[in-house]
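In full-length UniProt numbering, the protein residues as written are 1 to 237.
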């Protein structure tokens with residue numbers, strides 16, 4: 001049994017914010033796990049450097065303020081952040097939720113665009129100035145097709161522009177090589193196909209599957225929380 005509960009740090013994907021993790025955080029906190037929902041810097045989001053490097057620095061700063069052990073959970077794009085800076089001293093485990101578990105030299109774009117099938121790939125998003133935007137209707141189909149209509153409408157209406165450099169930023173390190181990591185494959189995902197996810201999941205050697213679209217934190221938070229707690233207990237005992 002764990003003597004203390006680690007803090008679960010929840011990091012969102014592109015265009016989203018800490019709000020995406022609200023249901024998961026509430027359930028984890030009810031189970032005794034303190035949570036930090038990160039909102040990354042970005043236009044119409046949190047202040048600060050909106051680039052990939054800025055996101056990495058922001059996550060490092062968040063982690064440095066947390067006393068005790070941490071388990072990192074990242075969704076989609078933020079898997080790249082976990083990969084780059086997730087080996088901070090207090091991080092005991094990482095959980096990739098349909099997230100980009102990359103090798104050095106790869107980017108979110110290089111991996112997601114290499115295989116056909118994504119409905120949130122380079123042809124489905126628009127660049128406006130220095131930012132990428134995804135239209136609400138595209139997001140509904142790519143991210144939330146298995147959510148309730150109300151949840152899909154609400155979430156797609158809260159999306160904010162993402163700095164274009166975030167998607168093409170190349171990873172230089174692979175924290176999952178030294179930090180215990182688990183990959184949650186979402187088998188109904190239309191944004192990052194199950195085939196691409198399973199390729200990345202094979203890298204970490206520990207994975208499970210949810211019959212979910214791209215956003216299980218909204219569509220099936222109970223099942224996702226069970227997965228997070230199970231892996232956390234295995235690596236904090």
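Beta carbons: idealized from backbone N, C-alpha and C, even for Gly.
Remember, it's a predicted structure, so these values are computed and weren't measured experimentally.
### Nearest residue (CA-CA) to residue 186, options 174, 160, 208
Nearest of 174, 160, 208 to residue 186, Cα basis: 208.
### Task
Can you tell me the Cβ-Cβ gap for residue 146 and residue 213, rounded? I've got them flagged as a contact below 8 Å.
Taking a contact as a CB-CB distance under 8 Å, the pair residue 146 and residue 213 counts as one, their CB atoms being some 4 Å apart.
### Straight-line Cα distance separating residue 56 from residue 131
CA-to-CA, the gap between residue 131 and residue 56 works out to about 18 Å.
### Message
Can you tell me where the alpha helix (DSSP H) holding residue 170 begins and where it ends?
### Response
According to the DSSP assignment, residue 170 belongs to no alpha helix (DSSP H), since it is labelled neither H nor E.
### Segment contact, 8 Å Cβ cut-off, at least three pairs: the region 58-75 with the region 112-120
With contact defined as three or more Cβ pairs closer than 8 Å, the region 58-75 and the region 112-120 are not in contact.
### Task
Would you check if the region 76-96 and the region 18-34 touch, i.e. whether three or more CB-CB distances between them fall below 8 Å?
Contact between the region 18-34 and the region 76-96 is not established, with fewer than three Cβ pairs separated by less than 8 Å.
### Query
Cβ atoms of residue 143 and residue 120: under 8 Å apart, would you say?
Yes, they are a contact pair.
### Stretch pair the region 93-109 + the region 213-225: three plus CB contacts closer than 8 Å
Yes, the region 93-109 is in contact with the region 213-225.
### Task
Compute the Euclidean distance between the alpha carbons of residue 275 and residue 234, then round it to the nearest angstrom.
Summary: the structure shown does not reach residue 275, with the chain confined to residues 1 through 237, and so no result is reported for it.
### Reduced DSSP secondary structure (H/G/I, E/B, other) of residue 58
In the structure shown, residue 58 sits in a helix (DSSP, three-state: H, G or I).
### Task
Would you tell me roughly how many angstroms separate the C-alpha atoms of residue 69 and residue 149, rounded to the nearest one?
Each residue's alpha carbon lies about 38 Å from the other.
### Task
Leaving out five residues on either side along the sequence, give the residues of the same chain with a beta carbon under 7 Å from the beta carbon of residue 211.
Around residue 211, the same chain offers 187, 188 as residues with beta carbons nearer than 7 Å, after the five sequence neighbours per side are excluded.
### Message
So the candidates are 49, 76, 162, 93; which of them puts its Cα closest to the Cα of residue 11?
### Response
Minimum Cα distance to residue 11 is reached at 76.
### Task
Leaving aside the five residues before and after residue 168 along the sequence, list all residues of the same chain whose C-beta is less than 6 Å from its C-beta, in chain order.
Contacts found: 107, 109.
### Close Cβ partners of residue 251 (< 6 Å) along its chain, the five nearest in sequence each way excluded
What is shown of the chain runs 1 to 237, which leaves residue 251 out entirely.
### Task
Quickly, what does DSSP pair residue 210 with across the bridge? List them, please.
Paired residue(s): 186.
### Query
To the nearest whole angstrom, what separates the beta carbons of residue 104 and residue 181, a pair I think is in contact under 8 Å?
The pair is not a contact, with the Cβ atoms about 15 Å apart (cut-off 8 Å).
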